[in-house]
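Using this note's numbering, you'd call the opening residue of the sequence shown number 621 and step up by one each time. Structure first, commentary second.
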Amino acid sequence: MRIVELIIDERDENSGIEAVSLVETPAIEENFIALNKQEVMLAEVDKEKRLLMGAALIPNKQIYRKNDKTGDEYYIYFSKDTVRKASELFFKRSNHQNATYEHKQPIKGTTIVESWIVEGEQDKSRHYGLNVPEGTWMVSMKIDDDKLYQEAKSGKSIRGFSIEGYFADRYDFQKDDSFEDLQKQMLVEELKELLSKEELASYSDYPDSVKNNAKRGIELNEAVGNKCATQVGKIRARTLSQGGAVSESTIKRMFSYLSRAETYFDSGNKESCGYISYLLWGGKSAKNWAESKLKQIEREDLASMLIDEDFAIIDDRLAYSSKQKAEEMAKDLGIEGTHEHEYEGKVWHMVGESHSVDMYGKCKKGYVKKNGKCVKK
Numbered sequence: 621m622r623i624v625e626l627i628i629d630e631r632d633e634n635s636g637i638e639a640v641s642l643v644e645t646p647a648i649e650e651n652f653i654a655l656n657k658q659e660v661m662l663a664e665v666d667k668e669k670r671l672l673m674g675a676a677l678i679p680n681k682q683i684y685r686k687n688d689k690t691g692d693e694y695y696i697y698f699s700k701d702t703v704r705k706a707s708e709l710f711f712k713r714s715n716h717q718n719a720t721y722e723h724k725q726p727i728k729g730t731t732i733v734e735s736w737i738v739e740g741e742q743d744k745s746r747h748y749g750l751n752v753p754e755g756t757w758m759v760s761m762k763i764d765d766d767k768l769y770q771e772a773k774s775g776k777s778i779r780g781f782s783i784e785g786y787f788a789d790r791y792d793f794q795k796d797d798s799f800e801d802l803q804k805q806m807l808v809e810e811l812k813e814l815l816s817k818e819e820l821a822s823y824s825d826y827p828d829s830v831k832n833n834a835k836r837g838i839e840l841n842e843a844v845g846n847k848c849a850t851q852v853g854k855i856r857a858r859t860l861s862q863g864g865a866v867s868e869s870t871i872k873r874m875f876s877y878l879s880r881a882e883t884y885f886d887s888g889n890k891e892s893c894g895y896i897s898y899l900l901w902g903g904k905s906a907k908n909w910a911e912s913k914l915k916q917i918e919r920e921d922l923a924s925m926l927i928d929e930d931f932a933i934i935d936d937r938l939a940y941s942s943k944q945k946a947e948e949m950a951k952d953l954g955i956e957g958t959h960e961h962e963y964e965g966k967v968w969h970m971v972g973e974s975h976s977v978d979m980y981g982k983c984k985k986g987y988v989k990k991n992g993k994c995v996k997k
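Okay, structure coming up:
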């Protein structure tokens with residue numbers, strides 16, 4: 621049976637883990653455990669913390685998959701390097717409040733408050749009976765909903781974590797995308813959205829240069845007999861040229877396509893479909909706008925809030941009541957230092973020497989990236 625390694629496509633801003641789902645049958649076959657205050661030795665507080673600890677992703681573990689449409693059966697797996705990289709991106713993109721139930725129903729009031737990679741036999745996961753291999757991504761999730769927490773604690777209908785995200789097949793990733801391949805990929809995604817009954821938020825605040833690029837693409841396409849782009853693509857180009865609104869999923873495809881297809885535009889052949897289609901998607905101006913917009917959207921739904929006496933969200937970022945916990949997370953993310961914020965009459969500690977620290981992978985002056993972490997030169 622075919623075995624497929626999934627990796628993070630660093631060319632794609634959306635590649636990685638978007639959410640953690642609470643499920644009855646976790647694909648990684650490792651159950652989480654419910655932690656209350658007595659078990660984590662916070663005896664001075666009586667109220668349960670409602671924390672769930674478990675493995676989110678285990679390296680080199682083969683996970684069975686079957687395509688219901690084609691009948692194709694195969695296994696997928698993630699390397700240690702991909703597991704670590706995915707865990708770091710999850711936090712750096714502020715996805716710690718993204719959770720679902722059985723990969724279907726979004727859950728509010730959950731927060732991943734702790735994240736680490738198992739590095740040896742002394743890992744604290746062993747203390748709770750979780751004998752997972754080195755390189756496993758462990759998380760602790762805070763659950764505010766009493767019914768959901770009790771279900772998870774009972775281990776009946778909710779028994780573990782399962783990830784949601786976008787990854788690339790290493791074999792497919794190594795192949796050079798032809799223009800035709802890109803067009804087919806985008807068409808499939810656009811048809812999925814058209815068939816979906818979900819009402820999606822939409823945006824139209826892109827610059828006039830996007831509209832002008834789309835108009836130019838339409839003109840060039842007409843000059844070659846409208847042979848470029850699918851019917852869906854032509855409709856989208858009309859929408860952009862007229863300043864119409866596009867959905868968040870369309871913006872994601874816009875950024876993904878324009879990032880990958882730039883080479884066809886740079887070839888300079890104004891009669892080629894690669895050149896024309898790039899303009900129909902809004903051109904380089906649309907790529908820059910889409911990247912900026914996606915980062916903005918990621919943060920729109922997040923607000924400052926008190927989770928409990930140990931954790932808070934302050935201006936989109938997770939904060940800790942103790943400096944030690946912030947330092948541990950900073951070390952795990954490879955980011956230098958911590959800083960303080962006062963919120964709700966209490967001092968909180970956060971990763972990075974300032975709130976504006978770059979959480980997206982760049983190292984400050986005097987440091988270099990090594991094995992996913994910033995270290996001194």
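Glycine residues also receive a C-beta, built at the ideal position from the N, C-alpha and C atoms.
Secondary structure of residue i, DSSP reduced to three states
i: Q725; result: strand
i: H747; result: helix
i: G775; result: coil
i: I917; result: helix
i: W719; result: Sequence inspection shows Ala at residue 719; the Trp mentioned does not correspond to that position. The answer is strand: DSSP assigns A719 an E or B state.
i: V752; result: coil
i: I955; result: coil
i: Y823; result: strand
i: E947; result: helix
i: K904; result: helix
i: Q770; result: helix
i: Q742; result: coil
i: A849; result: coil
Chain D within 8 Å of residue i, Cβ atoms only
i: S897; result: Chain labels in this structure do not include chain D; a single protein chain is all it has.
Nearest residue (CA-CA) to residue i, options the options
i: L709; options: D952, G965, G957 and G853; result: D952
i: G864; options: N846, K700, S876 and A834; result: A834
i: S707; options: K681, E734 and A843; result: E734
i: E741; options: F875, T731, T756 and I732; result: T756
i: R779; options: K890, G674 and I955; result: G674
i: Y1010; options: K762, T702, H961 and L926; result: Since the first residue shown for the chain is 621 and the last is 997, residue 1010 is missing from the structure and cannot be characterised.
i: N718; options: L642, R836 and L768; result: L642
i: E891; options: I855, E839 and N832; result: E839
i: D825; options: V852, Q851, Q862 and G853; result: Q862
i: K943; options: Y694, W968 and N715; result: W968
i: G636; options: R704, I855 and E693; result: R704
i: K913; options: D928, D930 and S869; result: S869
i: L738; options: P827, L671, K831 and P679; result: Residue identity differs from the one stated: residue 738 is Val in this sequence, not Leu. Nearest C-alpha to V738: P679.
i: A639; options: S879, E784 and A910; result: E784
7 Å Cβ shell around residue i - same chain, five flanking residues per side excluded
i: S777; result: E644 and E771
i: H959; result: M970, G972, E973, S974 and H975
i: G957; result: A950, G972 and E973
Residue(s) in a DSSP beta bridge with residue i
i: F931; result: Y940
i: G674; result: V759
i: K966; result: Y963
i: F781; result: L642
i: M925; result: I933
i: W736; result: M758
i: I871; result: Paired residue(s): none; I871 is not in a bridge.
i: Y636; result: Checking the displayed sequence, the identity of residue 636 turns out to be Gly instead of Tyr. Answer is Y786, bridged to G636.
i: T730; result: I763
i: V844; result: In the DSSP output, where bridge partners are listed per residue, V844 has none listed.
i: V971; result: T958
i: V866; result: Y823
8 Å CB neighbourhood of residue i in its chain, flanking five on each side removed
i: M1038; result: Residue 1038 lies beyond the range of the chain shown here (621 to 997); nothing can be said about it.
i: I727; result: L642, A719, T720, Y721, D765 and L768
i: Q682; result: I623, Y695, I696 and Y697
Cβ shell of residue i (< 6 Å), same chain only, five flanking positions each side left out
i: G759; result: Here residue 759 turns out to be Val, not Gly, going by the sequence shown. Answer for V759: A676, I732 and S735, listed in chain order.
i: N889; result: Y895
i: N841; result: C848 and I896
i: E964; result: L926
i: I623; result: Y695
Status (buried if at least 16 other CB within 10 Å, exposed otherwise) for residue i
i: K795; result: Confidence at K795 is low in this model, with a pLDDT of 42, below 50, so the placement of that residue should be treated as unreliable; the coordinate-derived value is given next. So K795 counts as exposed.
i: L655; result: Since pLDDT at L655 reaches only 46, below the 50 mark, its modelled position is unreliable, and the value read off the structure follows with that caveat. Looking at its Cβ environment, which holds 16 or more other Cβ atoms inside 10 Å, L655 is buried.
i: D935; result: exposed
i: G845; result: exposed
i: P646; result: buried
i: S782; result: buried
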